[in-house]
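By our numbering, the letter at position 59 of the sequence shown is numbered 42, and the numbering carries on one by one without gaps.
Cβ coordinates follow ideal geometry from the N, Cα and C atoms, glycine included.
These numbers were taken from a predicted model, which means no experiment stands behind them.
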Amino acid sequence: MLKFDLKQLKDLYEKILFEQDAYVIKPLIQNPGKCLLTNQCCYFQVLNNINEQQIVKYDLSALFKITKRRYKFRYIGCELQFKLTE
């Protein structure tokens, strides 16, 4: 589907733990892309150019909670909740 752009990593020495085609699901929107999990951050690179940012980065130190979610009547999704940082 899409090859993740490794030049966008926060640190050159980040270890890649997981890479998978994924979707960001919002009400009435299913946005395809690539999810990449490293030892420091979680990245999502969108397939289309709907968003202003091509890659969204979430720092794992701000990760608060992971919840298993249902999508299309199957438990195949997860919700990541992060603390607000300023």
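Between C24 and K(-7), the C-beta spacing is below 8 Å.
Around the C-beta of Y54, fewer than 16 other C-beta atoms lie within 10 Å, and the residue is accordingly described as exposed.
Residue pairing by DSSP puts L46 in a beta bridge opposite F65. In this chain, the beta strand (DSSP E) harbouring N14 covers 12 to 21.
Per the coordinates, the alpha-carbon of Y58 lies some 11 Å from the alpha-carbon of T50. If you check the CB distance, L30 and G16 come in under 8 Å.
Looking at the DSSP output, Y41 sits in a beta bridge with C25.
In the DSSP annotation of this structure, the continuous segment of the beta strand (DSSP E) that includes F1 starts and ends at -1 to 9.
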